[in-house]
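Let me begin by presenting the structure, written as structure tokens, before commenting on it.
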Amino acid sequence: MPYRMKSTNKEPRKECKDMKKERTAKNIVSLTLSDKERRVMERITKATSKEASDVIREAFSFWISRRQRLCLDV
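The working numbering puts the first residue of the sequence shown at 15, with every later residue one more than the last.
Here is the structure:
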């Protein structure tokens with residue numbers, strides 16, 4: 015029986031592509047920052063080792079919880 019080398023195809027498998035599509039965000043929000051706000055965001059992301067989207071998500075959650083307590087919004 016002849017020896018065969020495994021193929022070394024560098025293309026991602028189709029299953030991986032399908033899984034990646036499922037993990038992508040379905041709700042995208044665009045945000046415009048001033049230069050000062052951008053600099054603050056850069057400092058926060060460097061200090062916390064978090065992505066900008068994670069920082070914004072956390073800030074939004076904080077804002078929602080504060081607003082619900084103050085205004086009794088649902």
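Ideal Cβ positions, reconstructed from N, Cα and C, are used throughout, including at glycine.
With respect to residue 72, residue 64 sits close: the two C-beta atoms are nearer than 9 Å. In this structure, DSSP gives residue 65 a state outside helix and strand, which the three-state scheme calls coil. Shortest Cα-Cα distance from residue 45 to any of 84, 67, 57, 62 involves 67. Just so you know, the alpha carbons of residue 51 and residue 40 end up roughly 26 Å apart.
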